[in-house]
Amino acid sequence: MFLSILGKKTLLCGGTFVTVDTKAYKASQYDHAADSYEKVPLSQRSKVIGGHKVQRDLYSAFLLRNSNDTYDCPDRMRCTDSFETFLDMQDSLLADMKCRQISMKQCFGF
């Protein structure tokens, strides 16, 4: 129901809404730098991609944002081209959250 409402509101505002088969896509397992998949336990909130520590859920969103045209897997070139921007945005978000003393242990570990 949530996704249905979100989809309608997104379209009403002129956005795009795409449903992705998350089990087939495996965003939380993909590493665009190594071009490989590695199963990560749910308790592990971060991982290292190309020598950079990334928060798992934010990185999964990054991969979904950089999907191929059929939304069934990440587009590695798009990921490579925009990874530095992602890192800057992630670092800025985490620094801002820490500065404001916003805690989300279940997601970010602080």
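Residue numbers (my numbering): 109 to 218. Beta carbons are placed, not taken as given, at the ideal position from N, Cα and C, and that holds for glycine.
### Message
Are the CB atoms of Ser136 and Val148 within a distance shorter than 8 Å?
### Response
yes
### Query
For the candidate residues Thr130, Gly122, Ser151 and Asn174, whose alpha-carbon lies nearest to that of Thr188?
Asn174
### Task
Using beta-carbon positions only, say whether Asp165 and Asn176 come within less than 8 Å of one another.
no
#### Entry: Buried or exposed (CB count within 10 angstroms, at least 16 for buried), Val128
exposed
### Query
So the alpha helix (DSSP H) Ser168 belongs to, where does it begin and stop?
Arg164 to Arg173
### Message
According to DSSP, is Ser211 part of a helix, a strand, or is it coil?
### Response
coil
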